[in-house]
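> Mind having a look at this structure? Questions to follow.
In the working numbering, the protein residues as written are 38 to 279.
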């Protein structure tokens, strides 16, 4: 635990985040559950403690460099395609005032997420099983969130169609992308506009303690998403909006 806390503190220090002892213990318990469950189901290829701390936990928190309000505001936030809970669970641990919904299409992963939520004693966070295309049409979820985050692997046009329908007008979509994405962002501009969004300048950061780039493409939700989006399941991936 001591080495774990030291690594976590070092990464958070660069982001201006100070964690309590309780929060560090929650992160450590999360790491233990992740590696334990990973032995019986595929949650992550990253399992070594220093890499989990840096490439999952600190990486999830890197968004504070782009969206500072997340530190203090009680935003409602949905994490689309959350997988093993990134970035949603680290954000909830570090910023307990956030109201977070974790959405994933694999029920077994949702079982893991619910175990983490229970074991860490987290409140104001819910894990739900379903596809973004279906939930994005559900009035309980459609345009109900101040913020949407996603580390899911998909091109930006596809990811925007999955995510922007969840964001209320005046809200924000913050996709986490790997490396340089200028061309991908240019190609997605038209799709983002059709979905009611407006893309801001991309911001590339270096993950603390590494030479790994993480790029954010902040998208403001300025208009209501037309009712025809998202298209039916599978379509956004097969035929990304042009």
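Ideal Cβ positions, reconstructed from N, Cα and C, are used throughout, including at glycine. Predicted, not measured: the structure shown is a model, and the values here were computed from it.
In or out: residue 263 buried (at least 16 other Cβ within 10 Å) or exposed?
Counting Cβ neighbours within 10 Å, residue 263 comes out exposed, since fewer than 16 surround it.
> Check for me: the alpha helix (DSSP H) holding residue 210 runs from which residue to which?
First-last for residue 210: 204-215, but that is the beta strand (DSSP E), not the alpha helix (DSSP H).
> In whole angstroms, what separates the C-alpha of residue 123 from that of residue 116?
Residue 123 and residue 116: Cα-Cα distance of roughly 8 angstroms.
> Who pairs with residue 236 in a beta bridge, going by DSSP?
Its beta-bridge partners are 256.
> Just the C-alpha distance for residue 241 and residue 252, rounded to the nearest angstrom, thanks.
Using only the alpha carbons, I get a separation of about 4 angstroms.
> Counting only runs of 4+ residues fully inside the region 83-128, write out the alpha helix (DSSP H) ranges in chain order.
Complete alpha helix (DSSP H) runs here, min 4: 86-89.
> Here's a check: name, in chain order, each residue in its chain whose Cβ is nearer than 7 angstroms to the Cβ of residue 60, leaving out the five neighbours to either side.
Excluding residues within five positions, the ones whose Cβ falls inside 7 angstroms are 130 and 131.
> Does the contact criterion of 3 or more C-beta pairs under 8 angstroms hold for the region 177-188 versus the region 141-156?
No, because fewer than three Cβ pairs between the region 177-188 and the region 141-156 fall closer than 8 angstroms, the two stretches do not touch.
> Do the CB positions of residue 258 and residue 234 come within less than 8 angstroms of each other?
Yes; because the gap between Cβ atoms is below 8 angstroms, this pair is in contact.
> Is residue 95 buried or exposed, if buried means 16 or more other CB atoms sit within 10 Å of its CB?
It counts as buried.
> When DSSP labels each residue in this structure, what does residue 132 get in the three-state scheme?
Note: residue 132 maps to coil in three-state DSSP.
> Taking the continuous alpha helix (DSSP H) assigned at residue 150, which residues delimit it?
Where residue 150 is concerned, the enclosing alpha helix (DSSP H) stretches over 144-157.
> Can you give the beta carbon distance from residue 102 to residue 140, rounded, assuming they're within the 8 angstroms contact cut?
At roughly 24 angstroms, the Cβ-Cβ gap does not stay under 8 angstroms, so residue 102 and residue 140 are not in contact.
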